[in-house]
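Heads up: the sequence shown is residues 79 to 363, going by the working numbering.
All C-beta atoms in this analysis are idealised placements derived from N, C-alpha and C, irrespective of residue type, glycine included.
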Amino acid sequence: WGWASFVSVVDGMMQTLRRAVRLLVAAAAVSNVVLVNGMYEDQVGQTDWKLEHIGTPTWALYQSKRLYVATEKGVLAALNARTGDVEWRHLATKRRGDVEQTDVLALAKQYLFTLSAGGKYVRKWQASDGTLVWDSATFAVPTASGGADGEDEGAEVAMIVSDSGRHVVVLSHNTVYFYDAISGVLEWTQTSYDILGEADGLNSDKMISLSSVYPTSGDKVEVVGYVSSSGAKSPSGLIHVVLDLADETVVPTTYNVPKGETWTAAVATVRAAAEGASLAVVSDA
């Protein structure tokens with residue numbers, strides 16, 4: 079067992095790893111941009127895909143012969159789809175040395191957008207070389223674990239690029255933020271309290287928990303959430319909101335959950351009522 083044998087084994091391991099990356103990319107290449115996210119529970123810790131200095135991906139997107147990954151170790155990186163080599167890599171850490179994990183990873187043409195630290199930081203990156211284009215922040219306050227203060231029902235985070243491509247829209251802790259995609263300047267915000275004030279038939283004792291956001295046409299987005307009474311353990315209805323940055327209009331529509339109906343049936347009712355809308359599927363809980 080000499081040096082030549084050792085080199086041969088290492089070379090074989092690297093070739094196997096690169097083949098695995100190419101297989102992953104081939105699966106992702108079914109579409110121009112695909113989210114890769116799937117594993118059986120009993121495979122965790124046994125067949126996890128890992129790469130040295132990268133870690134286990136929590137997000138992966140494929141575009142133009144590159145695989146972009148965000149990992150549980152706080153790494154954001156681009157891998158060569160043909161060879162598996164790391165083309166660029168960033169490690170996001172906070173002042174105390176804690177890992178800053180990526181909550182959402184999105185691609186729009188030649189740029190990457192990340193939302194991290196429990197919906198706190200919004201960043202734009204040059205996809206080709208990993209150059210940071212701009213760095214902005216929401217009003218959410220991250221905790222030491224990377225999340226935000228309070229485990230409330232409005233703690234969902236999401237991020238999309240508007241259909242026009244001109245804005246990055248972030249949902250973070252019951253507030254929707256519109257950022258200019260070129261400059262990163264915050265142009266408009268809408269909180270759940272703002273939306274509550276625009277919703278007919280909802281009293282001030284009601285609470286809105288925003289759940290998800292979707293692009294429609296231009297700079298319009300649709301936001302979906304649920305309505306509950308203050309102190310109530312379960313929601314009493316659903317809310318669908320159209321936000322239009324062009325004229326800063328808010329158009330909310332609320333739907334009561336019929337007694338005896340499951341949440342699945344309630345969501346189907348909302349979909350039928352909101353003509354042509356793209357709505358989230360709310361939990362059956």
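**Study point:** Reduced DSSP secondary structure (H/G/I, E/B, other) of D258
**Key:** Note: D258 maps to strand in three-state DSSP.
Review point. What's the call for D227, buried or exposed, on a 16-neighbour Cβ count within 10 Å?
Key: The predicted model places D227 with a pLDDT of 39, which falls under 50 and marks its position as unreliable, so this point remains unresolved.
Review point. Beta carbon of S250, beta carbon of T294: below 8 angstroms?
Key: No Cβ-Cβ contact shorter than 8 angstroms links S250 with T294.
**Study point:** Euclidean distance between Cα positions of S270 and H131
**Key:** About 40 angstroms.
Check your understanding: Taking contact to mean at least 3 C-beta pairs separated by less than 8 angstroms, is the segment 158-174 in contact with the segment 182-191?
Key -> With the rule of 3 Cβ pairs closer than 8 angstroms, the segment 158-174 does not count as touching the segment 182-191.
Review point. Where do the N-terminal and C-terminal ends of the beta strand (DSSP E) with L190 fall, by residue?
Key: Going by DSSP, L190 is part of the beta strand (DSSP E) stretching over 189-194.
**Study point:** Boundaries (first-last residue) of the alpha helix (DSSP H) holding D272
**Key:** First-last of the alpha helix (DSSP H) with D272: 270-276.
**Study point:** C-beta neighbour in chain B for L280, strict 8 angstroms
**Key:** Of the protein chains in the structure, only one exists, and it is not chain B.
Point to revise | Cutoff 8 angstroms; reference W166; Cβ partners in own chain excluding five residues on either side | key: The residues A155, A156, D207, G208, in chain order, have a CB closer than 8 angstroms to that of W166 in the same chain once the five nearest residues on each side in sequence are set aside.
Review point. Using a Cβ-Cβ cut-off of 6 angstroms (strictly less than) and excluding sequence neighbours within five positions of R201, which residues of its own chain qualify?
Key: Closer than 6 angstroms at Cβ, skipping near neighbours: T192, D213.
Exercise for review: Can you give me the start and stop residues for the beta strand (DSSP E) that T332 sits inside?
Suggested key: From DSSP, the beta strand (DSSP E) with T332 extends over 327-334.
Practice item. Note down the Cα distance separating T149 from L321, rounded to an integer number of angstroms. Key: When the Cα atoms are used, T149 and L321 turn out to be separated by approximately 32 angstroms.
Review point. What's the C-alpha gap between A138 and D297?
Key: In this model, A138 and D297 are separated by some 26 angstroms (Cα to Cα).
Exercise for review: Kindly identify the DSSP beta-bridge partner or partners of I238.
Suggested key: Beta-bridge pairing links I238 to V247.
Review point. Per DSSP, which one or two residues make a beta bridge with T149?
Key: Residue pairing from DSSP places T149 in a beta bridge opposite P135.
**Study point:** Host beta strand (DSSP E) of P293 (start-end)
**Key:** Bounds of the beta strand (DSSP E) holding P293 are 284-293.
Review point. Looking at C-alpha atoms only, which residue of V254, S242, S307, A277 is the closest neighbour of I260?
Key: The shortest C-alpha separation from I260 is found at S242.
Exercise for review: Going by DSSP, name the residue or residues bridged to E300.
Suggested key: DSSP, once it has assigned bridges, lists Y292, V320 as partnering E300.
Check your understanding: Do the CB positions of D176 and S194 come within less than 8 angstroms of each other?
Key -> No, the pair does not count as a contact, with Cβ atoms beyond the cut-off.
Practice item. For the beta strand (DSSP E) holding V177, just list the boundary residues, first then last. Key: Neither: V177 is in no beta strand (DSSP E) and is coded neither H nor E.
Point to revise | Exposure of A205, with buried meaning 16 or more beta-carbon neighbours within 10 Å | key: A205 is buried by the Cβ-count criterion.
Review point. Exposed or buried, what is K143 when buried is set at 16 or more other beta-carbons lying within 10 Å of its beta-carbon?
Key: By the neighbour-count rule (16 or more Cβ atoms within 10 Å), K143 is not buried but exposed.
Review point. So L210 is in the beta strand (DSSP E); what residue range does that whole segment cover?
Key: Unbroken beta strand (DSSP E) run through L210: 210-215.
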